[in-house]
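A.B. asks: In this note's numbering, the protein residues as written are 4 to 464. Beta carbons: idealized from backbone N, C-alpha and C, even for Gly. Take this structure, written in structure tokens, and hold onto it; I'll ask about it next.
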Ligand code: ARG
């Protein structure tokens, strides 16, 4: 069989297995919009620079629009024999317009072509990820405002530590996700340089204008080094890093939803819309979506690892290894989008059980630190001594099976005679939370203000 693409040099077609390992069309067909945009910019520039005729450029642009229309309509026949999206588009263009199609690839290689397409794709993927994160942040901030004063136990080591509010807890995630969105936009900013015109690796002798194509495609500038332009994928690695960190944050929140909705915690429930049943245990309400969000992190972090491993020790410039960049990237970007939407849905859906959370917050001597702080403030004890005295009071409570706010004044005075009944003002979980008014603390007034600040900021975007 003759060779469809390199018939000049090759007299035979590829072995079946060669085609199977080499063809990327099933994956990179997703770049068709970017590929056509890149080709249109290139053709227009070639004509402007006098490298091809205006008539040929006109035919190319018109033909590419027709190809785009066919792909959009689903009538385009993708061919494995044509390897990838670039050859598929060009071959169809040739069928449509004939000879001028062969001039499109002047001063260009698939190496700079694919690098350009992929940067364009990643650029919008970064924007979409940041927007998806913004939606999740808005959901979290809304729920934080509703729950600014809902007391829950705060944990360290997953042991009851100090009372916090559910709103404060949700806003912690808003802070994390806002940095995630920032990382995507930082990656977008850094990747926005155009490889087109780097050609195969060394640049081109044709008098092309790289500023023109960079500009037409919305890049800030052309890549300054042709070898770097065709062989670097740190733009994708950076985006995948942002995705892996965001996925890690999602998995922490997902894990907390799993814990909160367990009967043992009972802090919150999801409605039927975000729960699944069991085929054998009729009582079950399982948080499958949260579990899957937690698990998607494996895929996303795995994709980062895949591409890091592909890139490691790859000599300059282009090698076919680079073709593996897309499957990993697409998989991670898709998984993140799904996980973000599912999490946004769950956050809007989740129903906190305020009574259960507050009750849990009062267990575990969670206001012990407030006693120590009172001893420092009212009796002038050094904090270390106050810590010791409080430890003895907690031991008394533990021995008598009481919560701290159920102890009698006399019980406490046995430990420290100077304690007065003013101490009861700091023993409740509400008082504990409300007292943490310093900037960044969990006091409901702070939480309400922060939630409102976020809601307003997210509306402006
Ligand atoms: N499908 C290829 C890729 O994704 C396009 C570049 C091919 N270049 C080459 N020299 N074979 O990387």
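Please name the residue, chosen from 305, 93 and 398, that lies closest to residue 109 on a Cα-to-Cα basis.
C.D. replies: Considering only alpha carbons, the answer is 93.
A.B. asks: Can at least three beta-carbon pairs, one atom from the region 81-93 and one from the region 14-32, be found at a separation below 8 Å?
C.D. replies: Counting Cβ pairs under 8 Å, three or more are found: they touch.
A.B. asks: Compute the minimum distance between the beta carbon of residue 27 and the heavy atoms of ligand 1, and state whether it is under 7 Å.
C.D. replies: For ligand 1, at least one heavy atom lies less than 7 Å from the Cβ of residue 27.
A.B. asks: Hey, is residue 45 close to ligand 1, as in C-beta under 7 Å from one of its heavy atoms?
C.D. replies: It does not: the Cβ of residue 45 is nowhere closer than 7 Å to a heavy atom of ligand 1.
A.B. asks: Can we count residue 325 as close to ligand 1, meaning its CB is less than 7 Å from some heavy atom?
C.D. replies: Result yes, Cβ under 7 Å from ligand 1.
A.B. asks: Is the region 43-51 touching the region 200-214, taking contact as three or more C-beta pairs under 8 Å?
C.D. replies: Because the criterion of three Cβ pairs below 8 Å is met, the region 43-51 and the region 200-214 touch.
A.B. asks: Nearest CA to the CA of residue 95: which residue from 17, 69 and 43?
C.D. replies: Here the closest residue by C-alpha is 69.
A.B. asks: What would DSSP say about residue 436, mapped onto helix, strand or coil?
C.D. replies: In this structure, residue 436 counts as helix in the three-state DSSP scheme.
A.B. asks: Tell me whether residue 70, by its Cβ, gets closer than 7 Å to a heavy atom of ligand 1.
C.D. replies: Result no, Cβ not under 7 Å from ligand 1.
A.B. asks: Using the Cα positions of residue 249 and residue 136, report the straight-line distance between them to the nearest angstrom.
C.D. replies: Distance between the alpha carbons of residue 249 and residue 136 is about 9 Å.
A.B. asks: Could you check whether the region 276-291 touches the region 233-251, counting it as contact only if at least three pairs of C-beta atoms, one from each stretch, sit closer than 8 Å?
C.D. replies: No, the region 276-291 does not touch the region 233-251.
A.B. asks: Using DSSP with H/G/I as helix, E/B as strand and the rest coil, what is residue 41?
C.D. replies: If DSSP states are grouped into helix, strand and coil, residue 41 belongs with the helices.
A.B. asks: Measuring straight from C-alpha to C-alpha, what distance separates residue 465 and residue 257?
C.D. replies: Residue numbering for the chain in the displayed model covers 4 to 464; residue 465 lies beyond these limits and cannot be assessed.
A.B. asks: What does the Cβ neighbour count give for residue 457, buried or exposed, with the cut at 16 atoms within 10 Å?
C.D. replies: Residue 457 is buried by the Cβ-count criterion.
A.B. asks: Within the region 334-398, note down every full alpha helix (DSSP H) run reaching 4 residues or more, in order along the chain.
C.D. replies: You should have 357-365 and 371-382.
A.B. asks: Cβ of residue 334 within 7 Å of any heavy atom in ligand 1?
C.D. replies: For ligand 1, not one heavy atom lies less than 7 Å from the Cβ of residue 334.
A.B. asks: Any heavy atom of ligand 1 closer than 7 Å to the CB of residue 87?
C.D. replies: Residue 87 Cβ: within cutoff of ligand 1.
A.B. asks: So residue 416 is in the alpha helix (DSSP H); what residue range does that whole segment cover?
C.D. replies: Unbroken alpha helix (DSSP H) run through residue 416: 412-418.
A.B. asks: On a CA-only basis, which of 363, 59 and 253 is nearest residue 340? Give me that one, please.
C.D. replies: Ranking 363, 59 and 253 by Cα distance to residue 340 puts 253 first.
A.B. asks: For the beta strand (DSSP E) that residue 164 lies in, which residues bound it at each end?
C.D. replies: Per DSSP, residue 164 belongs to the beta strand (DSSP E) from 162-168.
A.B. asks: Just checking, does the region 142-149 make contact with the region 446-460 on the three C-beta pairs under 8 Å criterion?
C.D. replies: Verdict: yes, contact present.
A.B. asks: Measure the Cβ-Cβ separation of residue 353 and residue 273 and say whether it is below 8 Å.
C.D. replies: Yes, the Cβ-Cβ distance between residue 353 and residue 273 is below 8 Å.
A.B. asks: Could you check the C-alpha separation between residue 178 and residue 441 for me, to the nearest Å?
C.D. replies: Roughly 18 Å between the two C-alpha positions.
A.B. asks: Mind checking which residues open and close the beta strand (DSSP E) that includes residue 277?
C.D. replies: Segment: none, residue 277 is in no beta strand (DSSP E) and carries neither H nor E.
A.B. asks: Return helix, strand or coil for residue 157, following the three-state DSSP convention.
C.D. replies: Reduced to three states, the DSSP call for residue 157 is strand.
A.B. asks: Tell me the rounded alpha-carbon separation between residue 172 and residue 227.
C.D. replies: Rounded to the nearest angstrom, the two C-alpha atoms are 46 Å apart.
A.B. asks: What is the DSSP secondary structure of residue 449, counted as helix, strand or coil?
C.D. replies: Residue 449 falls in the helix class under three-state DSSP.
A.B. asks: Output needed for residue 113: all residues of its chain with C-beta closer than 6 Å, excluding positions within five of it in sequence on either side, in chain order.
C.D. replies: Here the set comprises 89.
A.B. asks: Which first and last residues belong to the alpha helix (DSSP H) in which residue 217 is found?
C.D. replies: Residue 217 -> alpha helix (DSSP H) spans 213-219.
A.B. asks: Return the CA-CA distance between residue 59 and residue 43, expressed in angstroms with no decimal places.
C.D. replies: Roughly 12 Å separates the two Cα atoms.
A.B. asks: Give the straight-line distance between the Cα atoms of residue 381 and residue 151, rounded to the nearest whole angstrom.
C.D. replies: Those two C-alpha atoms are separated by around 29 Å.
A.B. asks: Helix, strand or coil: how does DSSP classify residue 103 here?
C.D. replies: Helix at residue 103.
A.B. asks: With burial defined as no fewer than 16 other Cβ atoms inside 10 Å of the residue's Cβ, what is the status of residue 10: buried or exposed?
C.D. replies: Under this definition residue 10 is an exposed residue.
A.B. asks: What residue range is occupied by the uninterrupted alpha helix (DSSP H) comprising residue 114?
C.D. replies: Start and end: 113-149.
A.B. asks: Where residue 460 and residue 205 are concerned, what is the direct C-alpha to C-alpha distance, given to the nearest angstrom?
C.D. replies: Approximately 46 Å, taken between the alpha carbons.
A.B. asks: Bridge partners for residue 289 per DSSP, in chain order?
C.D. replies: Bridge partners of residue 289: 279.
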